[in-house]
Amino acid sequence: MKKVMRKVKCQWITAAVMGATIVALGAVDVPQIAAVEENDPETTVPVEDENFSAISTEPDSVTDSISDAPIETTITATSVVAKSYVQILSTADVFYEAIISRGTDAINTAPWGTEGYETVGHSSAYLNTEVSVSQEQLADNGVLWALISVNGKELGWIAKDALQEQKYAQSVSEKAVDYSATVNRGTDAINTAPWGAKGFRTIGNSSAHLGTEVRVSQEKVMDYGVTWALISVNGQELGWIAKDALKEKAYAQITKETAVSYDAIVNRDSDAINTAPWGTKGYRTTASSADYLGQTIEVTKEQTTDYGVVWALLSVDGQELGWIAKDALREVTYAQIVSETEVAYPALISRGSDAINTAPWGTKGYQTKASSADYLNQTIEVTKEQTTDYGVTWAQISVGGQELGWIAKDALTALERKTETKTAEIGYPTIEKVDATIPAGERWTVQSGSKGYDTVTYEVDYADGIEMGRREVGRTTKAVREEIVKVGTQQVDGSGEPGSATRYHRVANGDTLWGLYYKYGQTLDRLLEWNDIVDPNHLSLGQLISVDGYNRYDAILKEHQIFASEEEFLAYIIPVSQRLAAENGLYASVMIAQAIHESDWGTSGLTTLSHNLFGIKGAFDGNSVEMPTNEVINGELITITAGFRAYSSLDESARDYVHLLLNQRGENGKYYASAWMENTTSYKDATAHLQGRYATDPNYAARLDKYIVTYELYKYDSPDAGTPTSK
């Protein structure tokens, strides 16, 4: 093996030889060295100086081999070389970034000189590279070593002096913001983070966005005093820029807000309607005032901006429209109610030129629903009065318990209502019973009858002492006691059947079938059979009850029959209908057909007993009669008992029919107006309108049309019929 001599800065490193005896046999100067075995005699090994920097180890003039020198030397030695390692005095865990700033250092598996260290790299390969330092160790030779890594991969140990510790800018405050700004300086970098912060990179320049409106979402103040802004455009983040390179957009500010509630008319067509007052943050224009010009809208809020304009929040039918300058509106002023009084008195509508409204005229939300002409000279009830700030007193009126609306009180004539009572004497009936024990031809009075009284109470309305109308409000009937006589023998007529006087009972208030069979000495079953009564618990006022078995109900009707034939009925109804229809703008053909159908050619019990030709329900001047009638309800034909108007004459019934068709009111005005001649083209239009209104029969129009065609009733319609006179 050859030995290579090491030279460090021209000085020899002397190896210590202990316990050796050297005998010099010749005079040769040999330096003391530390030798390293090498397999290649041409190899040079780098040796480090005191700073552990590599130095040159080029071969010098020293003889490569000692054996080549002619030296006569005898060396007798027993020697041991003691190797000494560098010791670590302290270890510290750290974390910082640094740059490798020197390219002459070794990178080792452990600090140089410590036991087992190996050189695994050189700083020249990582010059100016940023590394992470995770640990430091101080050696006993005074050198401080650093454990370094790059991108998480550990490299090894390097003298700390070969590193320049990296100092990053720190954020001293940060906050989330939200405002718009304009890039107004073109010389600034746009970075991934504020300049100088760890990991920042420049990714753009403000010159590319000069004049662009950006959104600022975050601000950071760095320890070197600069505020940085995180900017984006159209939702796409650009990066961080110095805030001084931006000009923040100024928005209008709201200085006052007031909740209001009033109506206004849009009277200017050149204004924008916005999502917020113009110039405030986030406002957008959504419509133009021209779209709503002349319309009445509701204002629910007002806001005043710092530039002095008052803005109004609009809505239509509860749907918000947006904000408009208040100057584009004209506020609507409504009449106000200054007093209200609950009242209750009758009155006559005496002026036909007034409106009937849903509320006093001019108040908010009022609408006109009818004219006083529709109710002229009719008696109504006044239930409330209100006085407006313009000095007019309005009356709330109703008819038959149904509210009509509000009318100026001056259109009414107050009525004086009085209570009047009338008493009429009721004669008792005489009932004869056959008694064979009484001599023939004789009549014995068994019980002396007494007369009864019918007392009726009316409410009568007077205007200036003239009666304007009355209605029955109560009736009291004192029961009569019949006179019963007995005759000696029955009288026999030519047919051999017992003779019969017209013996029947007309039902009055308080009558029951049980009382009648007791009164007339009959049985309940007989009365049920003789009168075709189904429900013994129900009798109708005015109903005729046969009480002797020979005088059946049909016989009673026949006895009182008004018309003997259809021809006789037509002879009456045609001229009456022609006259009334022509005077009032109605179809005579329809009136005749209805009379035929409703009265069964004048033979129905309702017509015979109560003179009711047209089947009109209700009461007339307080008079009514209860009768069974057929109705179609939910598509099913059923029989009910209803109250029908009772008249003193057939003519009275005909006039009431005309009054009904002209004056009956519905939700939308006159109930039968579509049956008038002025509103139709033929009688078929009129009959079609009456179906479902006048009668529930789904075939009512067809039945009337059949009568009109069969009997050519259309020829009685007057082409010159005038307009209704009693609307």
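Numbering (mature numbering (1 follows the signal peptide of the UniProt record, and there is no 0)), first residue to last: -26 to -1, 1 to 701.
Note that CB positions come from ideal geometry on N, CA and C, so glycine has one too.
All figures in this text were calculated on a predicted structure; none of them were measured in a lab.
For this session: Consider the C-beta atom of Trp169 and the heavy atoms of the ligand MN; say whether any pair is separated by less than 7 Å.
Result: The model on display carries no ligand, and the ligand MN is accordingly not part of it.
Exercise. Taking the Cβ atom as the reference point for each residue, do Lys255 and Tyr236 lie within a distance shorter than 8 Å?
Worked result: Counting from 1 along the sequence shown, the entry for residue 255 is found at position 281. Counting from 1 along the sequence shown, the entry for residue 236 is found at position 262. It is not a contact, given that the beta carbons lie outside the stated cut-off.
Exercise. With C-beta atoms as the reference, is Ile247 less than 8 Å away from Val306?
Worked result: For the purposes of this step, residue 247 is taken as residue 273 along the sequence shown, with counting starting at 1. For the purposes of this step, residue 306 is taken as residue 332 along the sequence shown, with counting starting at 1. No, these two residues do not count as a Cβ contact at 8 Å.
Exercise. Taking only runs of the beta strand (DSSP E) that begin and end inside the stretch 574 to 612, which ones reach a length of at least 3 residues, in chain order?
Worked result: 598 to 607
For this session: With DSSP as the reference, label Leu687 as helix, strand or coil.
Result: Working through the sequence shown from its first residue, we reach residue 687 at position 713. Three-state DSSP puts Leu687 in a helix.
Exercise. Okay, do the stretch 177 to 193 and the stretch 279 to 287 touch, 3+ Cβ pairs below 8 Å being the bar?
Worked result: no
Problem set entry | Stretch pair the stretch 366 to 383 + the stretch 298 to 305: three plus CB contacts closer than 8 Å | no
Exercise. Thinking just about the alpha-carbon of each residue, which of Ala556, Ile74, Ser539, Ser346 is nearest to the one in Ser578?
Worked result: For the purposes of this step, residue 578 is identified with residue 604 of the sequence shown, where counting begins at 1. Checking every option, the nearest Cα to that of Ser578 belongs to Ser539.
For this session: Decide if the stretch 605 to 625 is in contact with the stretch 587 to 597; the criterion is three or more beta carbon pairs, one per stretch, under 8 Å apart.
Result: yes
Exercise. Identify the residues that DSSP records as bridge partners of Glu97: which are they?
Worked result: For the purposes of this step, residue 97 is identified with residue 123 of the sequence shown, where counting begins at 1. The sequence as given places Ser at residue 97; Glu does not occur at that position. In the DSSP output, where bridge partners are listed per residue, Ser97 has none listed.
Problem set entry | Same chain, Cβ closer than 6 Å to Thr176, neighbours up to 5 away in sequence not counted | Taking the sequence shown and counting its residues from 1, one reaches residue 176 at position 202. Cβ neighbours of Thr176 beyond the five flanking positions: Ala163, Asn165.
For this session: Count the other C-beta atoms from every protein chain shown that fall within 10 angstroms of the C-beta of Pro168, then say buried if there are 16 or more, exposed otherwise.
Result: For this step, residue 168 is matched to residue 194 along the sequence shown. That one is buried.
Exercise. Between Ala437 and Thr337, what straight-line distance do the alpha-carbon atoms span, to the nearest angstrom?
Worked result: The residue given as residue 437 occupies position 463 in the sequence shown. The residue given as residue 337 occupies position 363 in the sequence shown. Near 31 Å, if we compare the C-alpha coordinates of Thr337 and Ala437.
Exercise. By Cβ distance below 7 Å, which residues in the same chain neighbour Gly95 in space, the five residues on each side in sequence not counted?
Worked result: On the sequence shown, position 121 is the one that residue 95 refers to. Cβ neighbours of Gly95 beyond the five flanking positions: Ile81, Leu129, Gly130.
Problem set entry | For Glu92, three-class secondary structure by DSSP | For the purposes of this step, residue 92 is taken as the residue at position 118 of the sequence shown. In the structure shown, Glu92 sits in coil (DSSP, three-state: anything other than H, G, I, E or B).
Exercise. Glu456 by DSSP, collapsed to three states: which one?
Worked result: Here residue 456 corresponds to residue number 482 of the sequence shown, with the count starting at 1. Three-state result, Glu456: coil.
Problem set entry | Inter-residue Cα distance where the pair is Val606 and Lys383 | Counting from 1 along the sequence shown, the entry for residue 606 is found at position 632. Counting from 1 along the sequence shown, the entry for residue 383 is found at position 409. Computed Cα separation, rounded: 43 Å.
Exercise. Beta carbon of Thr353, beta carbon of Tyr340: below 8 Å?
Worked result: Walking along the sequence shown from the start, residue 353 turns up at place 379. Walking along the sequence shown from the start, residue 340 turns up at place 366. No, the Cβ-Cβ distance between Thr353 and Tyr340 is not below 8 Å.
Problem set entry | Cβ shell of Ser263 (< 8 Å), same chain only, five flanking positions each side left out | Translated into the one-based positions of the sequence shown, residue 263 becomes position 289. Val240, Arg242, Asp243, Ser244, Asp245, Ala246, Ile247, Ile298, Ala302.
For this session: Count the other C-beta atoms from every protein chain shown that fall within 10 angstroms of the C-beta of Asp67, then say buried if there are 16 or more, exposed otherwise.
Result: By one-based count along the sequence shown, residue 67 stands at place 93. It is exposed - the Cβ of Asp67 has fewer than 16 other Cβ atoms within 10 Å.
Problem set entry | Limits of the unbroken alpha helix (DSSP H) element including Ser551 | Mapped onto the sequence shown, residue 551 falls at position 577. 540 to 558 is the extent of the alpha helix (DSSP H) around Ser551.
For this session: Give me the Cα-Cα distance between Gly643 and Leu664, rounded to the nearest whole angstrom.
Result: Here residue 643 is taken as the residue at index 669 of the sequence shown, counted from 1. Here residue 664 is taken as the residue at index 690 of the sequence shown, counted from 1. Taking the straight line from one Cα to the other gives about 15 Å.
Exercise. Is Tyr319 near Val356, with beta carbons less than 8 Å apart?
Worked result: As a working note, residue 319 is residue 345 in the sequence shown. As a working note, residue 356 is residue 382 in the sequence shown. Cβ distance < 8 Å, so Tyr319 and Val356 count as in contact.
Exercise. Grouping DSSP H, G and I as helix and E and B as strand, with all else coil, what is Asn637?
Worked result: For the purposes of this step, residue 637 is taken as the residue at position 663 of the sequence shown. In the structure shown, Asn637 sits in a helix (DSSP, three-state: H, G or I).
For this session: Report yes or no: do the stretch 421 to 437 and the stretch 391 to 401 share at least 3 C-beta pairs separated by less than 8 Å?
Result: yes
Exercise. For Tyr153, which residues does DSSP report across the bridge?
Worked result: Walking along the sequence shown from the start, residue 153 turns up at place 179. Answer is Val190.
Problem set entry | Residues of its chain near Tyr142, where Cβ-Cβ distance is below 7 Å and the 5 sequence neighbours each way are ignored | To locate residue 142, count along the sequence shown from 1; it is residue 168. Gly170, Ala171, Lys172, listed in sequence order.
Problem set entry | Those residues which DSSP pairs with Met196 across a bridge | In the sequence shown, the residue the question calls residue 196 occupies position 222. Note: Met196 sits in a beta bridge opposite Ser145.
Problem set entry | Leu487, DSSP secondary structure in three states | Taking the first residue of the sequence shown as position 1, residue 487 is located at position 513. Looking at Leu487 - three-state DSSP - the assignment turns out to be helix.
Exercise. Would DSSP call Val466 helix, strand or coil?
Worked result: Walking along the sequence shown from the start, residue 466 turns up at place 492. A caution first: Val466 carries a pLDDT of 39, below 50, which makes its placement in the model too unreliable to give a value.
For this session: Confirm, please, whether the CB-CB distance from Tyr690 to Ser520 is below 8 Å.
Result: Position 546 of the sequence shown, counted from the start, is the residue given in the question as residue 520. Position 716 of the sequence shown, counted from the start, is the residue given in the question as residue 690. Contact: no.
Exercise. Which residues does DSSP pair with Ala388 in a beta bridge?
Worked result: Residue numbering aside, residue 388 sits at position 414 when the sequence shown is read from its first letter. In the DSSP output, where bridge partners are listed per residue, Ala388 has Ala321.
Exercise. What residues in its chain sit with their C-beta under 6 Å from that of Tyr349, if we drop five residues either side in the sequence?
Worked result: Translated into positions along the sequence shown, residue 349 becomes position 375. Taken in chain order, the residues that qualify are Ile323.
Exercise. Buried or exposed: where does Gln517 fall if 16 or more other Cβ atoms within 10 Å of its Cβ makes it buried?
Worked result: Residue mapping note: residue 517 aligns to position 543 of the sequence shown, counting from 1. So Gln517 ends up on the buried side.
Exercise. What does a CB cutoff of less than 6 Å around Ser147 pick up in its chain, not counting 5 residues either side in sequence?
Worked result: Within the sequence shown, numbered from 1, the residue matching residue 147 stands at position 173. If we look at Ser147 and ignore the five residues flanking it on each side, its Cβ neighbours are Val195.
Exercise. Roughly how far, in whole angstroms, is the beta-carbon of Ala150 from the beta-carbon of Val105, given that I think they are within contact range, below 8 Å?
Worked result: Within the sequence shown, residue 150 is the residue found at index 176, counting from 1. Within the sequence shown, residue 105 is the residue found at index 131, counting from 1. At roughly 35 Å, the Cβ-Cβ gap does not stay under 8 Å, so Ala150 and Val105 are not in contact.
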